[in-house]
Each structure stands twice: as structure tokens, then as C-alpha cells.
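Encoded as C-alpha cells, the structure appears first; notes follow it.
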Ligand SMILES: Cc1ncc(C[n+]2csc(CCOP(=O)(O)OP(=O)(O)O)c2C)c(N)n1
Ligand SMILES: Cc1ncc(C[n+]2csc(CCOP(=O)(O)OP(=O)(O)O)c2C)c(N)n1
Ligand SMILES: [Mg+2]
Ligand SMILES: [Mg+2]
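Residue numbers (the numbering used here), protein chains in the order written: chain L, 37 to 361; chain P, 37 to 361; chain E, -9 to 318; chain D, -9 to 318.
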């Protein structure tokens, strides 16, 4: 890591990372305790990516993400209260409890679509960018997806279309080396997904997605290009997924050495130490930030559980703009 | 053109080209005269590609092609009588008149699938190759498609899968510069489709598909590689489509100069002259070959029109292996 | 309605034109739809890119998942995209964007986002285009909550339904029959809207209700003329909207006639006719004088050859016979 | 049937195992199906790659169009592929290969080629997996000539239907309900076949026929037990095969009872129930004592939260009420 960013940016990134991490921990706790009924596709280990991307975004910029994307949503700014109410299926949730973790949506903070279908957010992201191109609203769209998604047709069609139409979108492939239980090389015929950008005449960036500074630089380059009319970029951010595909998955298919090495390189404690070593914050300051975030999450969980479920009649609402008899 | 092939191969290629060309001419005549009711996606101008590919194939090798692929089917060996009976919708046709021009199938000569859906023959070709890998039957599969097809998801998924599984298949992209009425660069974000092979760790060959010798060499290299366990290849064969997307299309969207230049480079008369100039055949020999082929087609058309239509009860047959009440 | 006659093709073109003129957020894309590409393979969209510019009218690469997905995204971003998927059979390559996304996003987001996108797609047997260019799957989309499905039978309805779809805040599928593109009829007034979910009684009659849509309407009219010769008074209902179905119009008609035949070009089994027939039986069990008859295509892919294609499609005689079965 | 009890999950695993043992041409692929990937996300295919090797059992990239298309090609090339598309909602990304190719190729080739491929796919609401992981679209495939569609309700049927699908010379879709994977029942004999197109009378009764499949069977059994307390004698038909429908068994039962309720988890409108209801009315118009009732899910995407998901699904009470409506 080399120093190029100011303390504010660093702390802003670290804060988002801690929020994502503690939130993920708490989700595990609540689900394991049986207090929350929800699938959980943990992004533990991938915190750096959305933190570094989102500090480069404006509040009105758009984000599209996937079932695993609670980290993307939180980093973009979805309020923890609304998020937890949704995860708890309550009427006060972002989606009235109708969407759940795989479909978090919060236009107020730019989180426009969360999809459970691998790859489908890529053309949708291109479409959001198209709306910005029409409106000249200056927005940039980030579309997040995994390494496995780079093998599905939507990836190909979405990237080609975004390139042909020169759209203001950044495709962020969070390469955590596994797609469900399938190791990268069993599904993907090329060593670097970023090299696929060349198939679309698009810049491709391969970056260590666990290195906040490198990730920040990659995101900044791509977002600036999109905002300035330079068109789309494909970023492949290398990372790892510590908690399996879904809660309950014991990662038995990951060689022990691979997991051990990844865990030894957990970006969070490393970044924390680096921030201290480089004088951006003291241990106490960070501890206090962490405690604040922890309290915020405690409050959100408590708030969520105190909320009511939506009335069953809500099944009939939001199917169409106007209820159909 | 440089000389590397023997006279037999040259004449074999030329014979196939003439067959395809005269057959196409006759289709235009019959349809225009109202004697044949059928869509026609002419491959006039693309004759070299299937001629050069198929002289490198064994009779039992598989071919998959598209609505435009009558040239591929004829070059592979589908008998003209069976073909014309099908185009005329007769019971004696390859498919009993159930398939028509977009679905020519003739397993006896290895023509396994003709599809009307852009791109869908690509994964199917991979699957045929997979069956060969299982059976170790030594077959190679050729999957033909157009330039526009390289932008659809099936292309991406099919090539990636074929590469990951190292299948004995050759993907032949017949780049005629237009997809329906859309010029190449409006749909495709990269200059050479063959460069997309790199996205799948697969060799990509860019070749002049109107040059019989170059095309022969490209096909041979790829087919040999597939047959010897070296896996798939993507060939981009540059060519042109003289008669529009479908019969009736006046190619108004093609700049006149582009069309004129392409027509001036019609590969058929050029190759004919080259064969004579290089002593492979005399003008008279070629004229006699052409006359023979013309007669064969005359006979096929006559034969087709003399055949009966299938009984209407045939609508119920071949839906399932056994008729369902 | 004016006295002027236009074709359905013209009506669709006019509807898109007028919608784009009325609302800047309306955009159009699909394969070959812009003028440099001929304004559509059937020229349905001719002139629109010249009038409204390359930004708003775009020819796309061949990538239906890509551009329908882009339609979903653009709609969420506040546009009103009209997206042409050239043929109904090609909807199979982008079902995910339509069914899992366009149709569900309003609900899954708890009403925060929506997809006011209009899909246009065409099909129709009778042209010897074979198994992958002529069949119909409207029943799939009708079975998809969140989607609306319409199919016009005449120029004024094509205009009015398409404008209603474009103005509607939910995803709509506007189905077009190739055989009807050239069908002529009274031109609609500019701005004419045919409300979604409202069927049309094309012809009143007291003996039997023929319930249909799209090309079925003219086929039923022809059959009704023959039936009239035998003294049978046919009522013809043009559904116009397949989903949501106009229960009231259907049930009122059959309550009156006591007999019904449902006619569509899609294969009969598990088709739209099944839903209509069940609803009629459910609501009018004791009023019905005969079981509802259903007509559709034969249970096979669409054959290429003319005689087989004819055997595949329902015939006028079959409509007449079905009506007579209910009268027996 | 032996006395041993096994789960549906085990039955499916055994059926694939025994089919692969019996026929070298049977191969298996899908996401994560091989043992290095855990033998399927729910371990349905555990052990098979170890037993039959990496050539015959393959985990695929995430590319359903690619690997279902490869299944089509491999089947044409003489193999009998079993292809797992993990969830029913993901069938939307490969509809083209299923509907335009697998289902149509035998017909379009005039019988020269065929696609003896078995697709397996799973779904089911009740697990708070939300709008894109739990709904059902069997009606789409039943509306597709050339396809066969089955859905087992118990382990022996799962084994027998799956083996029948694999042996069948046409493309079959084997649908699996997530809630039933752990359902236990008598183990089938090795080689047990449940013929396609034959329904099963699960319980005989003279008052009303409940017609259902999959998870609907145990739901109807539970409702029937309550109805029995009120003296209502229920006949339960487990369709087992959704397409082609077993007309004879359905019609014989309803001819006897004069009353019928169709129950499925898919949304009611334009669902499989509509076809069944129409057929019954068409054939038994004068024998019916009451209109056929249909039950299905509410007309919405599947909601995430428990109370909404419950409101979405049909309830036991609704089955009881529907039966009583026919008896009123
Ligand atoms: C079209 C489709 N196929 C399969 C699935 C099942 N599935 C869910 S997540 C997943 C793995 C995705 O891997 P990757 O893209 O690497 O993202 P990650 O989960 O690792 O973040 C699969 C196969 C799906 N949701 N959609
Ligand atoms: C999925 C799909 N989308 C659209 C079409 C309509 N269509 C038929 S041919 C064609 C153009 C294909 O162009 P290309 O791949 O270059 O092949 P060519 O026709 O030039 O040989 C299109 C768009 C189709 N058949 N299938
Ligand atoms: Mg991954
Ligand atoms: Mg082309």
C-alpha cells in the first residue's frame, strides 16, 4: 500500500468496511439464533470493494447488485434501520418485507436493483446508464457481480451493448474465486476476467480488491471515465469469500491452505493496522468508531424486531400500479 | 492466392461452390416465379467457406448451421433431391416438409441441426462435440453462424463451455458484415470477432473467407486441432452477402460502393479463372462440370415438384416418439 | 374515428410517433428499428429515428437479454422504453428479464421502483416460416403476475392499445400478428386510447358467444357470416387485452347466450382458452346450455409445408362446427 | 415396494445412479453437481461423479443456455443427458434451448433426430427465498408440444418418474419441490418405472375429487383428513405427469364424484388448473354437480416475509372450503 489519499477518505472507507463487517457478523448471529429467517449470502472478506467504490460516488449515482450485495447497499448508504426491517420482513423495511435480502432496493440512496439471477443486473445496469445518457443527469451506474457471472450470456450482451452505446457504467466483477462451490478455473476459460474487456473494446482493470488504495484508484479511474463521457469499464477486483456461498455452507470444497492464506490476509485488520501505522487514526479512535457502528447496528436490530409485518392484503399491492380486481 | 493444394482438392472445392451458387440462383428463380413458397436467406457470395471447410471433413463429421446455411448443408453432402423436396414441402424431403429451409436436417451426411434462432447452434454444436468426446468417435463438429450472432449470449456461453471442456468443435463465424440490416460496427464493439477467442483462451483465426486456399488452411488447422484433442477454435471468415438478408431485401442499407466492391470481388469467377490460369482445369472442363451440376439441379427441382405432400395426419407425428392421444 | 383507412402497421407506427411526440421519456429500441437499418424489417418503425433522432430511436445488437435488460434499467431510471423483440419465438432468449425482472420489480421493491416498459413482438403461422418463427406463447405471460398482455385485431385498437401500454406504469406485452399488418380499418383519432383490460363486443348476437383476439376476430367474423346463413346469431368478443381478462364483458355475454367458443391461434392445450373456459364454467355453471368449446392450433410445432401448416391451424369450418356443437 | 423408507432426495439420487449404471449413454451435468463441488448444492447428486467418473458427471460454468444447449446437442449425438437447471426461475434464461430446440427438433427434422434429455429443476415457496427463487411455471412447458412435464409427490414416484423420463425418447422436465426433498416414503425397487402420462389415485372417495401433484398431494391428504371428520369422502388424484395429462383417470374419477377441485402451488390464473378444469367441464358437463374449483397461489410474485408468503400460498382451509363449495 502506498499513500495517496487523505485521511478523510481513508476513514470514510474504513467506516464503511466496519459497517459491512459488523453488520454481516450480526446477521450470522441473528440467523443462527433463530431470530431471523432469511438466507444470507455473506460478503465477509469483500468489504474493501464497495467501500472504495462508493467513496468515489455521488449520492445520486446508481448501484445494481446481487443477492450477496448487502455490502454494496450499505456502503452506498442504505440506512441500517430500513435494511434490518427488510431483512426481518417488516412493513417498515426498504421493500415492505416483499423483497428480502436478495432484492434490496432503496432509490433514495441510489440502490436501484438487487437481483438473485446471476448476470441479469449487467444489462439492467447498462439500462440505468442509458437513462442517464438520455437525461444528461451526470450519474454513473455501478453494476456489481461475481466471477461466475462472467460466464453467463447477460455479461456478454450487457458489456457489448454498453460499449457500442458508450454508456456511463462501471462493471465491477468481485472475483472471490468461487461460484457457489465451483472453483474459478472449472467455470472460466481464461485467467483474468478483466481480459474479457478487450472482447468489447473496453478498458479492463485487474486490481487487488482487498487493497483499499489500489481499489480506490481503479474505481476512481473508471468512474471518472464514465462520468466524463469515456464510456464503460470492466473492473475485476480480486477478493475472497470467507463464509461460504450461503449461511450453512462450510466451504468444504475450498482447500484448507487456500482458505488459511486468505484469512491471514483478511483486509480489515490489515487496513486497520495500516491506518494506525500511517497516522490516520489512533487505536482508540478506531475502537470508538467501531463501537459507534456496533451500537448503530444494535439499535437497527432492535428497531427491526419492534416493527410490524405488513398486512397480508399487501400481497395484492405493488403487483401493478393499480390493484386489479 | 498461393499454390499448396492438389488439383483434386481444388476441383472438389470448386464443385461445391458451383453447386451452392447454381442452387441459390435456382431458388431465386423458383421463388420469384411463384413455383416455390419458401423464405430464402441467400448465401450467394459465401460459397468458399463451406467448400473449404467441408473438403477437410469426414462424411461422419457433424455440421450445425443456420437459416442461411443451405450452402453449408449442400457442401457437406445433403443430396439435392432431398433438399429440394424439403424446400418444396414434400413428404420426400429431408424433414418430410415439416422443417423447411430454416431447419434442414440430414444425419446421413452429418447435417444435424439447422436453427432459425441466432446463436443457439453454438451450444448445440458444443453438445454434439461432447457426445463425440464421450464416445471417442473421432468426429469433429462444425458450428456455423454469422457476425451478428457473436453478440448474443449463446456465443459467449457456448465458446466458454467448449473451451473449459476442451471439446472437438470448430466455430465458424461467417462474417458477411451485416446482421439483417445492421452494419457490423453498429452491433459489435470490437473490430475482429476472432479476437473474442482470447476471452475464452481459445485460438482465434481471422481469414479471408473468399480465398479458397487461405480458408482451406484455416479450416484444416482448426479441424486437425479439434480431431487431435487440441480443443476448439474460433474462425472468423470474412465474406459478403450479395442478395440481402432475405429474398426481397434490396440491400438499400448497404452503401453502393461497398456492394460494388464486394461484387467485383465475387470469389466464384475469380477462383474459376485462377484454376484455369494455374492449370488445374480448362475452361471447357469447368464448363462441363458446371453444366453437369446445372442438370443435377434441374432434375432435383423436377423431382421435388413431382413428389406428394405429406398427409395432414403427419401434424400429429414426430411430435413425440409415440403419438399421444 | 375518422373515415380514413389505414393498416395496422401504420397504426403502430403512428402510435409510437404520437407517444414519442407527447412524452420525451418515450424511447424506442430493437433490432433494425432505426432508419439507417430500414426502420424495422417490416418497416413498422420507419421514419421514427429520422423524426426523433438517434438518441431516442436505436437499432440494437442481436442481444435480446442485453437490450430488454437495458429496457428494464432505463424504465427504472425514469424512461418509458418501447422495446421490440422481433418475433415471439425470440422472447425465449430474454424470458428472465421479462418474467423475473420487469414483471416482479415493482412488487419486490415494495413499490419503490417500476418498469413502465412496452414490449412489442410479432408472430403468426400461415407464411411457411416453420417451427421457430410462427407460434404463440401469450399464455406464458398471462400466467405471469405483474405483466399485462394485449393483442389488437384492427388498426384503431392497435393504436389505442399501444398508446395505453406506453402510458401504463407497468410492463406490457403488445403482440402483433404478421397476417394483420396489412389489415386496413378506420384510422383512430390522434390520442385515442383503448383502455387495458376492456374487451370489445365486435358483433352482437344472442345464440353463441365467440371469444377471441387478434387474427381470431376476423376469422370469427367470417365464420359468423356463414353461421348467420344457417340462422345462428353470433356474438363476437374481441378481448383486446388477454391479461388482465375482462371478466365482466365475457360473463355478461355468455350469461345472455348461454354458449361460448374460445378461439386462438396458439396451441389449445394449456392455452388462454383454458382460463377463459374455466372462468365461464365457474361463474355461469347453471346458465350454460352447453360446455364451452375451445379451439386452437394442433398440438405440434408449426410445420413448414403449406398443407401441414393448414392442418396445424384451426379452420373456419372448425369454428362453425364448435359453435354448432354448443347449439346441438 | 420394500419396507425401507427413503427421502425424495435419496430417491432422485438412486434413480440417476441406477440409470447411469444401466446405460452408458446416460450422463449428468449442471452447476455444482459433481463431488468436488459437493454433489449439488442440496447434495442431490452426491457420490455420482465419484462412482461414474468426471467424464459422465460434470459441474458446469454458470451458463444455462450453454449447458442446456450442450444437452440438446449431446442428446442428438446419441447420449441421454440429465441436465440440472438448479431452480425453476433459472429456466427463464434457457427457454430457447428447451422450447425452440429440445421440444421441436424431432418434429422439425421429420423424426430424423430427437432430444432424449431429462431436465431437472427445483422450486417451492415457504422458505423466505423471495421473488426469484420460489415460483412455478410448469404451465409454460405443458403449453409446449414436444415436452413432457412430471412432478413427483413421494420417493417411489420420484424414482420411477425420473427413470421413466431418462428412458423416454423425448425431452422431459422433472420438477422437484424443495419442501419435499426430505419427505420420506417407501423405497422403490431398483428399476421401478412410473409410466409417463399415468396419474395415481392416492385415496379413493365418492364425494369430491381433489386433483393435484407435487406438494399438493400431502396438502390435499391433510385437508381430506379434516374433511373426513365432517363426513366428506375425498378422492385424491396425484397427476404425477402434468403433460400429457391422464384424461382417463381424471374423468373417471370426476364422473364418479361429480365434483372436483384442482390444487397447485403455481399462481391460479392461466395455470395448469385451467386446463384440467376446462377438460372436465367439456367432457362431464351434465355429470357435474358443481363447477370445478381451482386453487393456486395469489396473483403476485412470491413475497419474502413469512406472513406475506403465507398469504401468497393456498391454505389448507382454502382446500377444505373449495371442496365444500362443490358440495353446497
Ligand atoms: C441464472 C442463474 N443460474 C444459477 C443461479 C444459482 N446461483 C446463485 S449464486 C451462484 C454463484 C455465483 O457466483 P459468482 O458470480 O462468482 O458470485 P458470488 O456468489 O461468488 O458472489 C449460482 C450459480 C442463479 N442465481 N442464477
Ligand atoms: C435470437 C434471435 N434474435 C433475432 C433474430 C432475427 N434475425 C434473424 S437473422 C438475424 C441477423 C443475423 O445476422 P448474422 O449473425 O450476421 O448472420 P447472417 O444472417 O448475416 O448470416 C436476425 C437478427 C433471430 N432469428 N434470433
Ligand atoms: Mg464468486
Ligand atoms: Mg451477418
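For each residue, glycine too, the CB sits at the ideal point set by N, CA and C.
Query raised in the report: Is there at least one non-hydrogen atom of ligand 1 closer than 7 Å to the beta-carbon of residue 210 of chain L?
Result: The residue given as residue 210 of chain L occupies position 174 in the first chain. At least one heavy atom of ligand 1 sits closer than 7 Å to the Cβ of residue 210 of chain L.
Query raised in the report: If you pair each beta-carbon of the region 188 to 196 of chain E with each one of the region 224 to 242 of chain E, do three or more pairs fall below 8 Å?
Result: The region 188 to 196 of chain E is in contact with the region 224 to 242 of chain E.
Report task. Please check if any C-beta of chain E sits within less than 8 Å of the C-beta of residue 139 of chain P. Result -> Taking the second chain and counting its residues from 1, the one referred to as residue 139 of chain P is at position 103. Yes - at least one Cβ of chain E is within 8 Å of the one on residue 139 of chain P.
Query raised in the report: Does ligand 2 have even one heavy atom less than 7 Å from the beta-carbon of residue 128 of chain L?
Result: The count along the first chain starts at 1 and reaches residue 128 of chain L at position 92. No, the Cβ of residue 128 of chain L stays beyond 7 Å of every heavy atom of ligand 2.
Query - Residue span of the alpha helix (DSSP H) that contains residue 68 of chain L, given as start and end - result: Within the first chain, residue 68 of chain L is the residue found at index 32, counting from 1. Element bounds for residue 68 of chain L: 43 to 68.
**Report entry** Extent of the continuous alpha helix (DSSP H) to which residue 170 of chain L belongs
**Finding:** What you label residue 170 of chain L is simply residue 134 of the first chain in a count that begins at 1. Boundaries of the alpha helix (DSSP H) around residue 170 of chain L: 157 to 171.
Report task. For residue 206 of chain D, collect the residues of the same chain with a Cβ closer than 6 Å to its Cβ; drop the 5 residues on either side in sequence, then sort them by chain order. Result -> In the fourth chain, counting from the first residue as 1, residue 206 of chain D sits at position 216. For residue 206 of chain D, same chain residues with a beta-carbon under 6 Å away, outside a window of 5 residues either side, are 253 and 254 in chain order.
Query raised in the report: Quick one, which of D/172, D/62, D/77 and D/87 has its alpha-carbon nearest residue 126 of chain D's?
Result: Taking the first residue of the fourth chain as 1, we reach residue 126 of chain D at position 136. When only C-alpha atoms are compared, the closest one is D/77.
Query raised in the report: What's the gap between the Cα of residue 315 of chain E and the Cα of residue -6 of chain E?
Result: The residue you call residue 315 of chain E lines up with position 325 of the third chain. The residue you call residue -6 of chain E lines up with position 4 of the third chain. Each residue's CA atom was taken as its position, placing residue 315 of chain E and residue -6 of chain E some 40 Å apart.
Requested in this report: Count the CB pairs spanning the region 240 to 248 of chain P and the region 224 to 232 of chain P that are closer than 8 Å, and state whether there are at least three.
Outcome: Because the criterion of three Cβ pairs below 8 Å is met, the region 240 to 248 of chain P and the region 224 to 232 of chain P touch.
Query raised in the report: Excluding five sequence neighbours on each side, which residues of the same chain lie with their C-beta closer than 7 Å to the C-beta of residue 37 of chain L?
Result: Looking up residue 37 of chain L in the first chain gives position 1. Note that residue 37 of chain L scores 46 on pLDDT, short of 50, meaning its location in the model is unreliable; the coordinates nonetheless yield the value given after this. Cβ neighbours of residue 37 of chain L beyond the five flanking positions: 247, 249 and 310.
Query raised in the report: So which residues on chain B does residue 119 of chain E lean against when the C-beta distance must stay under 7 Å?
Result: As a matter of chain content, chain B is missing from the structure shown, whose protein chains are L, P, E and D.
Report task. Output yes or no for whether 8 Å exceeds the beta carbon distance between residue 47 of chain E and residue 58 of chain E. Result -> Counted from its first residue, the third chain places residue 47 of chain E at position 57. Counted from its first residue, the third chain places residue 58 of chain E at position 68. Their beta carbons are not under 8 Å apart, which means residue 47 of chain E does not touch residue 58 of chain E by this criterion.
Report task. State the Cα-Cα distance for the pair residue 268 of chain D and residue 89 of chain E, rounded to the nearest angstrom. Result -> Your numbering for residue 268 of chain D matches position 278 in the fourth chain. Your numbering for residue 89 of chain E matches position 99 in the third chain. Approximately 26 Å, taken between the alpha carbons.
Query raised in the report: In whole angstroms, what is the alpha-carbon distance linking residue 165 of chain D and residue 153 of chain D?
Result: Numbered from 1 along the fourth chain, position 175 holds the residue referred to as residue 165 of chain D. Numbered from 1 along the fourth chain, position 163 holds the residue referred to as residue 153 of chain D. Rounded to the nearest angstrom, the two C-alpha atoms are 13 Å apart.
Query - Beta-carbon contacts of residue 142 of chain P that lie in its chain and below 6 Å, excluding the five residues immediately before and after - result: Start at 1 with the first residue of the second chain, and residue 142 of chain P comes out as number 106. Within the same chain, residue 142 of chain P has close Cβ partners 114 and 130.
Query raised in the report: Would you call the region 103 to 112 of chain L and the region 78 to 93 of chain L in contact, with 3 or more CB pairs under 8 Å?
Result: Yes, since at least three Cβ pairs between the region 103 to 112 of chain L and the region 78 to 93 of chain L fall closer than 8 Å, the two stretches touch.
**Report entry** Residues in the region 245 to 264 of chain D having any Cβ partner in chain E nearer than 8 Å
**Finding:** So the close ones are 256, 257, 259, 260, 261, 262, 263 and 264.
Query raised in the report: So the beta strand (DSSP E) residue 76 of chain D belongs to, where does it begin and stop?
Result: Translated into positions along the fourth chain, residue 76 of chain D becomes position 86. DSSP places residue 76 of chain D in the uninterrupted beta strand (DSSP E) bounded by 70 to 77.
Query raised in the report: Comparing the CB of residue 110 of chain D with every heavy atom of ligand 1, is any distance shorter than 7 Å?
Result: Position 120 of the fourth chain, counting from 1, holds the residue named residue 110 of chain D. No, the Cβ of residue 110 of chain D stays beyond 7 Å of every heavy atom of ligand 1.
Query raised in the report: Comparing alpha-carbon positions, which option in L/210, L/174 and L/191 lies nearest residue 264 of chain L?
Result: As a working mapping, residue 264 of chain L is identified with position 228 in the first chain. Out of L/210, L/174 and L/191, L/174 has the C-alpha closest to the C-alpha of residue 264 of chain L.
Query raised in the report: Quick one: what's got a C-beta closer than 8 Å to residue 330 of chain L's C-beta in the same chain, skipping five residues either side?
Result: Here residue 330 of chain L is taken as the residue at index 294 of the first chain, counted from 1. Cβ within range, chain order: 58.
Query - Selection from D/87, D/236 and D/211 that minimises the alpha carbon distance to residue 184 of chain D - result: Along the fourth chain, one-based indexing puts residue 184 of chain D at 194. Nearest neighbour of residue 184 of chain D by Cα position, chosen from D/87, D/236 and D/211, turns out to be D/236.
Query raised in the report: Can you give, in chain order, each stretch of the beta strand (DSSP E) that sits fully within the region 322 to 360 of chain P and has at least 3 residues?
Result: The DSSP assignment places no complete beta strand (DSSP E) segment of no fewer than 3 residues inside the region 322 to 360 of chain P.
Query raised in the report: Is there at least one Cβ from chain P nearer than 8 Å to residue 294 of chain E's Cβ?
Result: Position 304 of the third chain, counted from the first residue, corresponds to residue 294 of chain E. Yes, its Cβ sits closer than 8 Å to a Cβ of chain P.
Requested in this report: Tell me, please, whether the CB atom of residue 224 of chain L is closer than 8 Å to any CB atom in chain D?
Outcome: Residue 224 of chain L sits at position 188 when you count from the first residue of the first chain. So yes, residue 224 of chain L belongs to the interface.
Query raised in the report: Which of helix, strand or coil does DSSP assign to residue 203 of chain E?
Result: For the purposes of this step, residue 203 of chain E is identified with residue 213 of the third chain, where counting begins at 1. Under the three-state reduction of DSSP, residue 203 of chain E is assigned to coil, being neither helix nor strand.
Requested in this report: Flag this pair as touching only if the region 199 to 218 of chain D and the region 24 to 38 of chain D have three or more C-beta atom pairs under 8 Å; answer yes or no.
Outcome: The region 199 to 218 of chain D is not in contact with the region 24 to 38 of chain D.
Requested in this report: Can you give me, in chain order, the residues of the region 264 to 287 of chain L that have a beta carbon less than 7 Å from any beta carbon in chain P?
Outcome: Listed in sequence order: no entries.
Query - Where the alpha helix (DSSP H) containing residue 94 of chain P begins and where it ends - result: Taking the second chain and counting its residues from 1, one reaches residue 94 of chain P at position 58. Where residue 94 of chain P is concerned, there is no enclosing alpha helix (DSSP H), given that its DSSP letter is neither H nor E.
Report task. Specify the secondary structure class of residue 358 of chain D as computed by DSSP and reduced to three states. Result -> Only positions -9 to 318 of chain D appear in the structure, and residue 358 of chain D is not among them; the question remains open.
Report task. Over the uninterrupted beta strand (DSSP E) stretch that includes residue -4 of chain E, give me the two end residues. Result -> By one-based count along the third chain, residue -4 of chain E stands at place 6. From DSSP, the beta strand (DSSP E) with residue -4 of chain E extends over -5 to -3.
Query raised in the report: For the region 89 to 103 of chain L against the region 143 to 162 of chain L, are there 3 or more C-beta pairs whose distance is under 8 Å?
Result: Yes, the region 89 to 103 of chain L touches the region 143 to 162 of chain L.
Query raised in the report: Count the other CB atoms within 10 Å of the CB of residue -9 of chain E; is the residue buried (16 or more) or exposed (fewer)?
Result: To locate residue -9 of chain E, count along the third chain from 1; it is residue 1. With a pLDDT of 49 at residue -9 of chain E, under the threshold of 50, the modelled position of this residue cannot be trusted, and the question is left open.
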